[in-house]
Structure formats: structure tokens, C-alpha cells
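Here's the structure we're looking at; comments come further down.
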Amino acid sequence: MPDSALRRAVLTALVAVCLLSRPAVDLAASHATARAETDEAPLVFAYYYIWYSEASWARAKTDLPLLGEYASGDRAVIRQHVRWARDAGIDGLIVSWKHVGRLDAPLSILVDEARAEGLKLILLYEGLDFERNPIAVSQVANDFEWFAATYASDPVFDVFGHPAVVWSGTWKFTDDDIASVRGAIGPDRLLVLGSEKDAESYAARSNLLDGDAYYWSSANPRVTPGYRDRLSSLADAVHADDAIWIAPAAPGFDARLVGGSSVVDRDDGATYRASWEGAAGTAPDAIGIISWNEFSENSHIEPSREHGSRYLELTAELIEELPGHAAVETPTFTQPPPDWSATAAAHSFTEPEPSVVGGTDSSADEGQAAPQFDVYLSGLAGVALLAGLVVVSRRWKRGERT
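Under my numbering, the first residue of the sequence shown is numbered 23, with each subsequent residue one higher.
So this is what it looks like as C-alpha cells:
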């Protein structure tokens, strides 16, 4: 082994030993303690996907965005998403990413637009491949290093005092894998949250992680046995280490077109409200809405053909009801003009065959197929769709959290 490689290996091992011998949550502890002492209302984030091409919408979709069959690299679309989220009272987006060009480009645009509108970002690192196997640890480390070097100093990622990365699929990696990645990026650069699914799993590696973000949208909060107990026990395990807890809330779920079997009916918002109340009841640092735009799993709150702006408006109502929020007028998300449907009809939408199965990633749980990782193709068609879209945005106050 060359001397330089040997030195790097030794350094990584030494840092890993340090991580294993002390809590990994030092960076997160002061933030969690401060929130607990002030009874501050939780932040609200939504999981956001940037892998769409215009061709994506012909596969495994039963609903379409109100903005049409957009490409994720369309700046006008991203700008509208950011403004809608802001006007609903959402604090930020948890953006799904790994270091590939088709995702780096829309991430860069999202950072620009979020910064301009005062929206925060958390990174969701996709740690599993298409077959739901863990990707190479060396790739994870390199991707984390690239992200830290590129964005760690950007204030848009300053949510908990340091940029936060949710490592999707930590439950597929070993303790040594996680320690190796943390050793490679060094201390005090990033907060690394896991995606562990239960209290025991998180507690067993709490010294390696700065918190947990559980991605759970396939369960019905009103009928799934032990739903709230599971969330509460996981939250308690995270709180025990003064770590960061991001609790899941979803409006519904149906991933049968991408290989799933569970169906959770939206029930005109009743499912979303029950899920939200379950999340809010765990004293989270943030509520993670699943999702802004995961259309293949039908968990989206983005305004759509089928639901209109119903679930974005309901999100605004639920945020207003959180303790610590001043009463505000719920914004109205103006519908597109009457000729929008004719414009949208010009874009083909083909219902996929039931045999079409999408890819999988670490968000999957029991019976839950994870998002399809569509190939990103740059395009500007969304600009044309948005040209006729009149959106009356109301800048409105959310108590002390504007």
C-alpha cells in the first residue's frame, strides 16, 4: 500500500475509533436541548424529489402535477414549488440526492431558489441502489465529501446549526460502514441522521448518528396496529441522546404500479390529519411530510389534477394548528386558468401496464415499494406550461417563524 493511502487509512481508523468512543450527537445536542427548553413548535419539511424527466410521467402514475409533465431541472417549476411550499408555511424541503450529474444540476437550481425565498434544505442521501442494496461505502464517503465541500457553508442548509444529511438506508449498512464514512468526512462538518425503523435499531447505533428521520408512508395511522407506539418508542430513543428527530406524516399511499401492495386511502384528508397528529405527538424537531412530489407512491401534496390544491391547503391548516403558531389566514393557491387543461392535454399521458415495476430505495418499509429513480433529462417544457399559470401568492406570517 502506498504511503499516502496508508496514512489515509490510519487517519480514517483513528477518527472512526473516536466516533465509536463518544456520542455522535454532540453537534445536535445543543439544538435539541434548546428546543426542549423553549417548547418551540416543530419545523415542517417535505420530502422533495428531483429525478423527474418529461418522460417519467408516462410510467407508473395515476395522477399528474397541476403544472404538467415537468422536468426536475426546470427552474420555473422549482421556483413555483418553492413559493407554494413557503406560502403553505413549510419551513423547507428534504431533497433526495446522490452525486450524479442528472441530480447535481436540479439541486443547484433548488439551492438558488430556496435561498431566494427563505426556504431551508435538508439533504436526503439515497444510500441504496435500484435493487435496494447498499451502494459502495467509498461512493457514500465521496458523495458526502463533495456535498460538504460544495454546500456546507451555504446558509440554506443551516437548519440545526450544521448542514443535515439524512442517510437513507442506514439499516442496510454495518456500524463499521457508518463509522468509516463519518471518519472520512471528519468531525463537525455535517449532521448525519439515520433512517432506522425502530427504537432498538436506533439505540444500538446512536453513538454513530446525530438523529433519525423515519420514512414511513405505507402504514395507515388509524388502523395499523401499534402505529403510534412505534413512532413514540423510536422518538423516545432519539430524545434519550438529545438527538434530532424528524417524524413522518403522509396523506395516503398507493404504490401498486411500482410493485407495492399496501394502499392507504386519503379519505379526504382524514388520513393526513391522523398521521400529522401522530407525528406531532412525538415532540419532533421537525415533521417530515411524505411527500411533496412522490407521484409513483401517491403520497404527494403538490397540487395535482386529481386533488387540486386540497392537500397543500390542508398542510397550511395543520401547520397553523401547531402549538406556538399565531392564527393566520390560510392562503389560497390559485388554480390555473381555464385554458390550462387544453395545454396539458397536448402532453401525452399513458396509463402504464400493471406489470410495470419501479425501482426501490431506502424509503421502503413493510409492503412499501420505494420511489422509482427516473432518469433525469433536462427540458424547458415546464416554462411553457407555467407561462399561463397565474399564481396569487400571499406572503403571510407564521408567528415568530417567518
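Beta carbons: idealized from backbone N, C-alpha and C, even for Gly.
In this text, all values refer to a predicted model and were calculated from it rather than measured experimentally.
Following the DSSP letters along the chain, one finds TYR70 inside the beta strand (DSSP E) bounded by residues 65–70. Secondary structure note for TRP79: it is in no beta strand (DSSP E), with a DSSP letter that is neither H nor E. With contact defined as three or more Cβ pairs closer than 8 Å, the stretch 239–247 and the stretch 262–269 are not in contact. 9 Å or more divides the Cβ of TRP189 from the Cβ of LYS219. The Cβ atoms of TRP106 and PHE355 sit closer than 9 Å to each other.
Linking SER283 to ILE341 through their CA atoms gives a straight-line distance of about 31 Å. Residue environment for ASP176: exposed (fewer than 16 other C-beta atoms within 10 angstroms of its C-beta). Contact annotation: ALA201 and PRO185 have beta-carbon atoms that are not nearer than 9 Å.
By alpha-carbon distance to ASP151, the top candidate from HIS322, LYS120, GLY95, ARG124 is LYS120. Counting only the Cα atoms, ASP276 lies some 5 Å from VAL285.
Within a 10 Å sphere around the beta-carbon of GLU148 sit 16 or more other beta-carbons, which makes this residue buried. The three-state secondary structure of ALA269, taken from DSSP, is strand. Counting every other CB atom within 10 Å of its CB across the protein chains shown gives ALA259 a total of 16 or more, marking it as buried.
CA-to-CA, the gap between GLU319 and ARG101 works out to about 23 Å. For GLU62 and ALA77, the gap between their C-alpha atoms comes out near 43 Å. Here the stretch 70–87 makes contact with the stretch 119–135; the two share three or more CB pairs at distances below 8 Å. Runs of beta strand (DSSP E) with 3 or more residues, each lying fully within the stretch 149–230, are found at 186–190, 213–215, listed in chain order. Burial is judged here by how many other beta carbons sit within 10 angstroms of a residue's own beta carbon; GLY330 has fewer than 16 and is exposed. In the DSSP assignment, ILE116 falls outside any alpha helix (DSSP H) and within the unbroken beta strand (DSSP E) covering 114–119. One alpha carbon belongs to SER254, the other to ALA305, and they sit about 9 Å apart.
In the structure shown, ILE323 adopts coil according to DSSP, grouped into three states. Shown here, ILE312 sits in coil according to DSSP, grouped into three states, outside any helix or strand. DSSP, reduced to helix, strand and coil, places VAL122 outside both helices and strands of the structure shown, so it counts as coil. Taking the CA atoms as reference points, ARG227 sits about 7 Å from ASP197.
Under the criterion of beta carbons closer than 8 Å, PHE166 and ILE207 qualify as touching, at roughly 5 Å. By the 16-neighbour rule on beta-carbons within 10 angstroms, SER130 is exposed. Distance check between SER326 and each of LYS83, TRP298, GLU139 places LYS83 closest, using alpha-carbon atoms only. In the structure shown, PHE355 falls within a coil segment according to DSSP collapsed to helix, strand and coil.
Between ALA98 and GLU91, the gap from beta carbon to beta carbon reaches 9 Å or more. For GLY300, the enclosing alpha helix (DSSP H) begins and ends at 292–302. According to the DSSP secondary-structure assignment, TYR147 is paired through a beta bridge with TRP119, TRP189. When the alpha-carbon of GLY233 is set against those of VAL66, ASP210, ALA265, the nearest one is in ALA265. Taken through DSSP and simplified to helix, strand or coil, ASP276 comes out as strand. Judged by beta-carbon spacing, ARG288 lies beyond the 9 Å limit of TYR249, meaning their Cβ atoms are not closer than that value.
Of the candidates PRO345, SER321, LEU143, the residue whose Cα lies closest to the Cα of TRP238 is SER321. Put simply, the backbone Cα of GLU222 is about 21 Å away from that of ARG204.
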